[in-house]
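Reviewing the structure listed below.
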Amino acid sequence: MLQKTRGIALSYIRYRETSIIARVYTEEYGLQSYIINGVRSAKSKTNKIALFQPLTLLDMVVYYKDDRDLHRLSEVKTIHPFQSIPFEVAKSSMALFVTEILTKSLKEEAGNPVLFRFLEDSVMYLEEAQNNYENFHLAFLLKLSFFLGFGPESAREFEGQLQEHSYPFLGNESTTAALNTFLRLPLGTPVRLTRADRADLLDALVAYYRLHIDSVGEVKSLPVLREVLG
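Counting from 6, one number per residue, gives the positions in the sequence shown under the working numbering.
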């Protein structure tokens, strides 16, 4: 049955000689996998594979059957062509990291319009931001944790959970203030952090996710993001 839905591209893997299997978080059906044929062929007249780069916002017509794990696309186009995320090192590093965390964290195969709207708004913020986005990945992970069911109410609770599980994170005045700002105020709210404090918070947030989601495991994009931003 043909259905319309919007989606956010997360990742893809090569499939056979010319195809890919893409993971997309959709507004109507949650996390879904789609096979896209012929996009890696030399005869392909369009660069459709670019539509499945990290965080691309998609408008799709899909063949959907609730008893299948792998679906097909009838039509796909981007809602908002990116002008900055793929071309700026800091933003592209954040996008890779965010999509890896989302792929490991999102398991639901049902629509969640509120979560989808949060993800869409976050992507658009990152795409359009010209400054004060160096902490985007930190604020995003904290806000996402509430949708996943384990958001901390305060910096003290966050730090306490880590210490309870013997993670050696000792927040200082700057990181505690930053955590509380990220929790309470919108994305993009200016927060001053040193590179070292930003790196410590990043590692602590990944550890916090590992406490609550077994499948997070190794985050391959983390070393690159740590090097670029801390």
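C-beta atoms are modelled at their ideal positions from N, C-alpha and C, and glycine is treated no differently.
Just so we're clear, the structure is a prediction, and the values are computed from it rather than from any experiment.
| query | Since Gly12 and Met65 are thought to touch, with beta carbons under 8 Å apart, how far apart are those beta carbons, to the nearest angstrom? | reply | Your pair Gly12 and Met65 checks out as a contact, with CB atoms roughly 5 Å apart and the cut at 8 Å.
| said: Determine whether the beta carbon atoms of Ala212 and Val196 lie at a separation below 7 Å. | reply: Their beta carbons are not under 7 Å apart, which means Ala212 does not touch Val196 by this criterion.
| Based on the DSSP output, what are the partners of Leu78 in its beta bridges? | For Leu78, DSSP records a beta bridge to Val67.
| field | Stretch-stretch touch, CB-based, cutoff 8 Å, three pairs: the region 167-183 with the region 94-112 | value | No contact exists between the region 167-183 and the region 94-112.
| Beta-carbon proximity check, Ala144 vs Leu192, cutoff 7 Å | In contact: Ala144 and Leu192 (Cβ atoms closer than 7 Å).
| Beta-carbon spacing of Ser16, Ile26 below 7 Å | Going by beta carbons, Ser16 and Ile26 fall outside the 7 Å limit.
| Between the region 87-96 and the region 122-140, do three or more beta carbon pairs fall short of 8 Å? | Taking 8 Å as the limit for Cβ pairs, the verdict is that the region 122-140 does touch the region 87-96.
| Out of Arg203, Tyr34, Gly176 and Leu62, which has the shortest C-alpha to C-alpha gap to Glu232? | Ranked by how close their Cα comes to the Cα of Glu232, the residues Arg203, Tyr34, Gly176 and Leu62 have Arg203 in first place.
| query | How should Asn136 be labelled, buried or exposed, when 16 other C-beta atoms within 10 angstroms of its C-beta is the threshold for buried? | reply | The residue in question, Asn136, is exposed, as its Cβ has fewer than 16 Cβ neighbours within 10 Å.
| Where does Ser38 fall in DSSP's three states? | DSSP places Ser38 in strand when its eight states are reduced to three.
| query | Nearest-angstrom Cα distance between Thr194 and Tyr214? | reply | A straight-line Cα-Cα distance of about 23 Å links Thr194 and Tyr214.
| Taking the alpha helix (DSSP H) that Thr180 falls in, what are its first and last residues? | From DSSP, the alpha helix (DSSP H) with Thr180 extends over Glu178 to Arg189.
| Among the residues of its own chain, which have a CB less than 8 Å from the CB of Met6, if the five just before and after it don't count? | For Met6, the CB contacts under 8 Å within the same chain, skipping 5 residues up- and downstream, are Tyr68, Tyr69 and Lys70 in chain order.
| Going by alpha carbons, who is nearest to Ser79 out of Glu114, Arg73, Phe123 and Ile40? | Among Glu114, Arg73, Phe123 and Ile40, the Cα nearest to that of Ser79 belongs to Ile40.
| said: I'd like to know whether the C-beta atoms of Thr181 and Ala209 end up nearer to each other than 7 Å. | reply: No.
| said: Going by the DSSP bridge assignment, what does Ile13 pair with across the sheet? | reply: As DSSP reads the structure, Ile13 sits in a beta bridge with Tyr30 and Leu62.
| Got a sec, what are the start and stop residues for the alpha helix (DSSP H) Arg161 sits in? | Here the alpha helix (DSSP H) through Arg161 covers Ala160 to Glu169.
| Leu56 to Leu230, Cα distance in whole Å? | Just so you know, the alpha carbons of Leu56 and Leu230 end up roughly 23 Å apart.
| message | Can you tell me whether Val32 is buried or exposed? The criterion is at least 16 other CB atoms within 10 Å of its CB, across all chains shown. | response | According to the sequence provided, residue 32 is Glu. The question's Val does not apply to it. Buried, by the Cβ-count rule.
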